[in-house]
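Read the structure below first, then the notes.
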């Protein structure tokens with residue numbers, strides 16, 4: 366499975382961005398994948414931001430609840446992360462992740478920079 370992330374950039378605090386991650390590859394039913402977003406800020410460990418399973422259930426890090434929304438479009442094999450009310454502490458490289466049973470896939474990171 367290949368994951369192609371896009372949508373990062375520079376935004377002012379309080380602004381919004383939407384990240385996209387398109388999955389492609391050998392798994393016959395990409396809809397079976399759970400998908401999510403992680404982030405890694407400079408000098409910090411990678412952390413989970415938001416996840417959505419194949420049934421559409423979601424979970425979020427406490428730090429982004431109420432501001433970020435994860436969704437998926439199975440027809441496009443794409444997961445989105447709508448990020449609103451961005452804060453400087455949201456600055457990080459965001460990584461797309463997909464999983465199925467014991468299989469785990471990662472996309473390249475996309476940089477989000479929030480200026481204060």
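In the numbering used here, the protein residues as written are 366 to 481. Positions of the beta carbon are idealized from the N, C-alpha and C atoms, including for glycine.
Buried or exposed: where does residue i fall if 16 or more other Cβ atoms within 10 Å of its Cβ makes it buried?
i	result
residue 394	exposed
residue 368	buried
Check whether the Cβ atoms of residue i and residue j lie closer than 8 Å to each other.
i	j	result
residue 451	residue 382	yes
residue 370	residue 447	no
residue 460	residue 402	yes
residue 390	residue 414	no
residue 475	residue 384	yes
What is the DSSP secondary structure of residue i, reduced to helix, strand or coil?
i	result
residue 481	coil
residue 449	coil
residue 466	coil
residue 440	helix
residue 426	coil
Subject >> Three-pair Cβ contact test at 8 Å for the segment 395-404 versus the segment 426-443 >> reply: yes
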